[in-house]
Structure formats: structure tokens, C-alpha cells
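J.: Numbering (the working numbering), first residue to last: 1204 to 1393.
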């Protein structure tokens, strides 16, 4: 598989044949360019790294159940390592730390401090390949278009964007469409 200086890529689908098929499709995508274009559109210039796992619906459903308490498959999950967003955007577009019932911020682990000169580890993105295929068919476009859209979406979550408000959703969609267009893909969502 192709090397990505800022991305650790893992495939964990149902079997080796599926892994090989996905690897072939993904190897035709410049993952680094997707990440860099997304960061550039969000005005993030510092060196970063992240982990990307491509799995199946059962794998992502298990993670969604365990970490988000939602027992269903989804298209993409993001697990930021940052304590606070690094993107400069209006507060209503950003995620925040959860507070406990007594109003105290919940911090389960001490903050990781990136050593000077090292890339900031943004966190992990998990994408379900069967969902990529299904959503691409439903939207009438290529799997690569759907995958680029979801990867860009995951990166935006890692740097601080949240789509639980209309403002955040619209900001993310605009950036994702811009990334698709920059990479010669058809922008398709509104």
C-alpha cells in the first residue's frame, strides 16, 4: 500500500479479499492531498498526523455503540485527541468538552502535549466501506467521491468542527464541497 507521511492507514474488513479490493480503490486516491486540502480550506497550517481505519458496518457499529452509545452503523466516526478545537470559527460551529451534571468539565486523561517540531496528532477517523458504497450508489456518484467527502468530513471534526448545529453543518459542507472540487470530484451535497 502507498505510504502517507501524515496518515496511518489501516484496513479491517470482513476478509482479505475485501481488504485488497478496498486497498486498490483507496490507493488511487491521494489521501494526503484530501487531508491537506481540507486543512488548507480551514486555515490550518501546522504539521499534523492522523490515523484512518477503513472497516465494515459491523466494526463501525461496534465503535459507535461503545463510544457514542448509538447501536447502529454509520458512515464516519472521528475521535479527536485535541483538548480544544484548533480551527478558528464561530463557537456555534465547534465542538466543546462535555460537562458533568455538577457543571464540571469531564477530563478523563491528561492532555497530550505535542513536543516542539513534531506533527500534532489530530486523532482517529473510522470509515465504513460498505456505507461508502451504499451512499455512493444512492447519490449516483463514484465510491471515490463519497470516500473523499467522508475523509474530509472526519478531518474537519478532528480539528474542531461540529455538525450538530445548522451553522456548523453548513460550514463543514461548504469546505467538503470545496475539497471535492479542488480534487476534480463532483460536489454533490447541499
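Ideal placement from N, C-alpha and C gives every residue a C-beta, glycine not left out. All values reported here derive from a predicted model rather than from experimental measurement.
Ordered along the chain, which non-local residues of its own chain (more than five positions away) have a Cβ less than 7 Å from that of residue 1319?
T.: Correct list: empty, nothing qualifies.
J.: Is it buried or exposed, residue 1387, if we count other Cβ atoms within 10 angstroms and call 16 or more buried?
T.: exposed
J.: Go through its chain and collect everything with a Cβ distance to residue 1247's Cβ below 7 Å, but skip five positions before and after it.
T.: 1289, 1290 and 1362
J.: Report yes if the CB atom of residue 1354 is closer than 9 Å to the CB atom of residue 1279, and no otherwise.
T.: yes
J.: Go ahead and pull the three-state DSSP assignment for residue 1308.
T.: Reliability fails at residue 1308, whose pLDDT of 45 lies under 50, so the model's placement of it is uncertain and no value is given.
J.: So, do the segment 1216-1236 and the segment 1250-1270 have three or more beta carbon pairs nearer to each other than 8 Å?
T.: Three or more Cβ pairs closer than 8 Å define a contact, and the segment 1216-1236 meets that threshold against the segment 1250-1270.
J.: Have a look at residue 1321 and residue 1372 and give me their C-alpha separation to the nearest angstrom.
T.: Using only the alpha carbons, I get a separation of about 31 Å.
J.: Could you tell me how far apart the beta carbons of residue 1283 and residue 1325 are, in whole angstroms, since I believe they sit closer than 8 Å?
T.: 7 Å
J.: Can you grab the Cα-Cα spacing for the pair residue 1364 / residue 1217, in whole Å?
T.: 31 Å
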